[in-house]
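Peer 1: Just so we're aligned, residue 85 is where the sequence shown starts under the working numbering, counting upward by one.
Handing you this structure, nothing more for now.
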Amino acid sequence: MDISRTSDVWWKNAVFYCLDVETFRDGNGDGIGDFVGLAQQIDYLAGLGVSCIWLMPFHPSTNRDDGYDITDYYAVDPRLGTLGDFVEFVRTARDRGIRVISDLVVNHTSREHPWFQSARSDRKSPYRDWYVWRDEVPKDGSDGLVFPGEEESSWEWDDKAGQYFLHRFYKHQPDLNIAHPKVREEIRRIIGFWLEVGLSGFRVDAVPFLLETKGMTQEMKIAPHDWLRELRSFLGRRRGDAMLMGEVNLEYEDVRRFYGDEGGDELHMCLNFNLNQAFALALVREDAGALVHSLRAMPSLPRDAAWANFVRNHDEWSLDKLTEAERQEVFRAFGPKPEMQLFGRGLRRRLPTMLGGDQARLRLAYSLAFSLPGAPVLFYGEEIGMAENLDIPGRLSVRAPMQWSDEPNGGFSDAPPEKICRPAVEGRKWGPAAINVARQRRDPDSLLSWMERLIRRRRETPEIVFGDWSLLAVSEPAILALRYDWDGQISVIIHNLAARKQKLSFTLDLPLERDGLIDLFGEGDFSVGGDGSVSLALAGYGCRWFRVRRSF
Ligand code: NOJ
Ligand code: CA
């Protein structure tokens with residue numbers, strides 16, 4: 085296998101770790117996480133094996149959408165540290181072999197951003213056309229609301245401006261007008277700036293909305309996808325190995341368009357929302373059918389492009405791609421109470437509570453997610469099985485402070501509890517006294533220790549993202565059996581989604597000189613019959629990662 089490709093296109097085989105600086109680790113005792121505190125934890129992340137940190141927005145912000153409402157794109161939120169602290173962190177991460185990417189939130193700014201303040205104050209302001217204005221709300225102004233129940237329209241009247249402005253998200257987040265060449269130029273400048281101070285790429289927020297021209301009055305002289313192409317090539321010119329990971333929560337065929345042409349000249353990766361939602365249904369049903377269906381529907385990608393797979397992210401577990409009946413089925417099993425649900429489409433819980441703390445099932449879920457075609461993305465705290473705190477409003481329920489130890493504030497901060505930026509997870513079962521890094525670090529059977537092994541295993545199995553995948557025919561509906569082929573290297577990865585033990589057999593079409601399966605998690609090897617047949621048993625919620633052994 086051509087191992088050098090795993091460093092040239094590093095992001096394909098990366099293990100991503102998404103975190104919010106604010107809730108990760110407080111380094112100066114003021115109750116708010118910061119870059120100094122995060123830098124102290126780099127060795128923890130390196131030990132875990134993650135190879136790329138995805139920072140949620142860390143810029144000055146009005147913090148009405150947890151930083152996704154930016155007031156200055158060229159600075160660090162002073163609560164989180166200085167630009168100097170940021171650079172020290174990125175440098176320390178790089179030294180430990182970890183790259184850093186961050187959210188690029190340029191579909192909209194905060195309403196308090198000086199650009200918007202200038203734009204609304206004066207029709208002649210050079211920033212007026214940086215936003216989208218209308219005298220009247222278009223007829224379809226309330227179609228496709230992103231936050232049903234919280235916003236009634238995508239247009240808001242501004243008294244000072246004397247016009248309505250477009251906001252696809254909250255009304256305090258006016259959309260930028262990408263038809264305006266100066267806005268596009270500014271977005272390039274923002275990208276260029278953060279690449280210069282060390283970022284390796286971006287998780288591009290809300291890409292379909294960013295490219296959408298619906299409602300805009302100014303003609304866009306360049307087709308939106310051509311602009312995305314331009315942005316990608318600009319990124320590549322500034323930093324050859326930089327990457328763009330897109331948030332594109334659309335149907336598969338539509339997502340494919342965001343990767344660009346056959347050669348792939350737009351986004352390098354997209355978060356795989358379709359597969360993630362099928363994954364939820366498969367877990368609930370203890371049946372691989374939904375995953376098989378989704379994998380078969382998944383479009384093939386250009387050679388140097390990849391999917392980013394995740395279990396849970398920082399938002400609600402959106403189930404918007406499922407049918408109403410399927411969604412209700414997941415709600416019933418994983419979040420039956422109304423306070424566990426959000427926007428009628430998702431769950432504001434983390435996985436461990438949804439699974440009632442079942443360790444075997446939890447491990448099955450992560451092993452499965454890590455074995456799907458693509459690169460895995462973890463959300464901070466998943467490695468220790470952190471829970472949500474439903475008392476924290478809305479989406480923030482899953483963004484409680486990281487649980488480092490059983491010390492006060494879960495070791496997150498030395499500040500008095502009343503100064504902590506966000507309430508910790510509570511209770512004897514899920515709070516920091518029970519679930520924390522310090523304890524799990526000492527326990528070889530802990531989720532954290534297991535996750536370290538999983539990450540190591542995943543990193544050492546690049547065929548999952550570089551290779552061709554195929555589904556092995558098995559007759560048990562609870563079993564997902566995937567085969568990967570890359571450059572003569574063959575892996576077979578099998579998961580049992582059900583609680584009961586399963587016996588299974590399958591046939592491998594192998595070159596003659598192969599004769600056995602090496603168990604990559606060290607649970608004993610298997611032989612392959614002369615006809616390629618393999619028989620084995622899998623424990624309830626069991627998983628097996630095999631590599632086919634050459635017989636010479
Ligand atoms: C997607 C982000 O994941 C979400 O948290 C945010 O509210 C919206 N984009 C708006 O920026
Ligand atoms: Ca702090």
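Backbone N, C-alpha and C define an ideal beta-carbon position, used for all residues, glycine too.
Cutting at 6 Å between CB atoms, please list the residues of its own chain near T437, excluding the five before and the five after it.
Peer 2: These residues qualify, in order along the chain: A471.
Peer 1: If you draw a straight line from the alpha carbon of N473 to that of R479, how long is it in whole angstroms?
Peer 2: Distance between the alpha carbons of N473 and R479: 10 Å.
Peer 1: So, at 6 Å on beta carbons, what are the nonlocal neighbours of L622 in its own chain, with the 5 sequence-adjacent residues on each side left out?
Peer 2: Result list for L622: N580 and Q586, in chain order.
Peer 1: In whole angstroms, give me the CA-to-CA distance for Y336 and M382.
Peer 2: If I take the Cα positions, the gap works out to 6 Å.
Peer 1: Do you know how far the Cα of I602 is from the Cα of E544?
Peer 2: Taking the straight line joining both Cα atoms gives about 14 Å.
Peer 1: Are L139 and L103 closer than 8 Å when you measure CB to CB?
Peer 2: In this structure, L103 lies closer than 8 Å to L139 by Cβ.
Peer 1: Suppose you measure from the CA of R411 to the CA of G613; what does that come to, to the nearest Å?
Peer 2: Roughly 42 Å between the two C-alpha positions.
Peer 1: Taking Cβ positions, are R506 and T107 nearer each other than 8 Å?
Peer 2: A contact, by the Cβ cut-off of 8 Å.
Peer 1: Starting from the N-terminal end, write out each residue whose C-beta falls within a distance shorter than 5 Å of any non-hydrogen atom of ligand 1.
Peer 2: Going along the chain, the residues that qualify are D149, Y152, F253, D289, A290 and D399.
Peer 1: Under 8 Å: do the stretch 491 to 498 and the stretch 404 to 424 share three or more Cβ pairs, one atom per stretch?
Peer 2: These segments do not touch.
Peer 1: Per DSSP, which one or two residues make a beta bridge with C627?
Peer 2: Looking at the DSSP assignment, C627 forms a beta bridge with H579.
Peer 1: Determine the burial state of V99: buried for a count of at least 16 other Cβ atoms within 10 Å of its Cβ, exposed for fewer.
Peer 2: Buried, because 16 or more other Cβ atoms sit within 10 Å of the Cβ of V99.
Peer 1: Could you give the first and the last residue of the continuous alpha helix (DSSP H) run that contains T90?
Peer 2: Element bounds for T90: R89 to D92.
Peer 1: Whole beta strand (DSSP E) runs in the stretch 376 to 452 with 3 or more residues, listed along the chain?
Peer 2: Runs of the beta strand (DSSP E) inside the stretch 376 to 452: 390 to 394.
Peer 1: Would L448 and L359 qualify as a contact pair, given that the criterion is a beta-carbon distance under 8 Å?
Peer 2: The answer is no: Cβ separation not under 8 Å.
Peer 1: What whole-angstrom Cβ distance do W239 and V221 have, given they're in contact under 8 Å?
Peer 2: Rounded, the Cβ-Cβ distance is 4 Å, consistent with contact.
Peer 1: Considering Cα atoms alone, identify which of R445, K96, E491 and Y101 is closest to H398.
Peer 2: For the residues R445, K96, E491 and Y101, the minimum Cα distance to H398 belongs to Y101.
Peer 1: Judging by CA-CA distance, which residue of D527, V509 and I154 is the nearest neighbour of V482?
Peer 2: Residue V509 is the option with its Cα nearest to V482.
Peer 1: Hey, F170 and V160: beta-carbon distance below 8 Å or not?
Peer 2: A contact, by the Cβ cut-off of 8 Å.
Peer 1: Is it buried or exposed for H377, if we count other Cβ within 10 angstroms and need 16 for buried?
Peer 2: Exposed, by the Cβ-count rule.
Peer 1: What residues match up with M535 in a beta bridge as DSSP calls it?
Peer 2: Beta-bridge pairing links M535 to no other residue.
Peer 1: Applying the criterion that 16 or more other CB atoms from any shown protein chain within 10 Å of the CB defines a buried residue, is A409 buried or exposed?
Peer 2: Burial call: exposed.
Peer 1: Just list the residues that DSSP pairs R634 with in beta bridges.
Peer 2: Partner(s): R598.
Peer 1: Beta-carbon separation of Y152 and R445 under 8 Å?
Peer 2: Not in contact: Y152 and R445 (Cβ atoms no closer than 8 Å).
Peer 1: CB-CB under 8 Å to G572, same chain, minus the five flanking residues each way: which ones, in chain order?
Peer 2: M85.
Peer 1: Would the stretch 178 to 188 and the stretch 222 to 242 be scored as touching if the rule is three or more Cβ pairs under 8 Å?
Peer 2: Touching, no.
Peer 1: Compute the beta-carbon to beta-carbon distance between L566 and I577, rounded to the nearest angstrom, for a pair I have assumed lies under 8 Å.
Peer 2: Between I577 and L566 the Cβ distance is about 5 Å, and since that is below 8 Å, they are a contact.
Peer 1: Using CA coordinates, which residue listed in L556, V558 and A459 is at the minimum distance from R542?
Peer 2: R542 has its Cα closest to that of A459, out of L556, V558 and A459.
Peer 1: Assuming Q247 is part of the beta strand (DSSP E), what are its boundary residues?
Peer 2: It spans Q247 to L250 - the beta strand (DSSP E) in which Q247 sits, taken as one unbroken run.
Peer 1: Enumerate, from N- to C-terminal direction, the unbroken alpha helix (DSSP H) stretches of 4 or more residues contained entirely within the stretch 451 to 520.
Peer 2: Qualifying alpha helix (DSSP H) stretches: none in this window.
Peer 1: For V93, which of P386, R109 and H251 has the nearest alpha-carbon?
Peer 2: Selected option, being the one with the closest Cα: P386.
Peer 1: For V281, count the other beta carbons within 10 Å of its own beta carbon; 16 or more makes it buried, fewer makes it exposed. Which is it?
Peer 2: Looking at its Cβ environment, which holds fewer than 16 other Cβ atoms inside 10 Å, V281 is exposed.
Peer 1: From the DSSP output, which residues share a beta bridge with E683?
Peer 2: Here the chain comprises residues numbered 85 to 636, so residue 683 is not present and cannot be evaluated.
Peer 1: When you compare the CB positions of E235 and K255, do they come within less than 8 Å of one another, or not?
Peer 2: In contact: E235 and K255 (Cβ atoms closer than 8 Å).
Peer 1: Start and end of the beta strand (DSSP E) containing K298?
Peer 2: K298 -> no beta strand (DSSP E), and no H or E assigned at all.
Peer 1: In terms of residue numbering, what span does the beta strand (DSSP E) encompassing R287 cover?
Peer 2: Its beta strand (DSSP E) spans residues G285 to V288.
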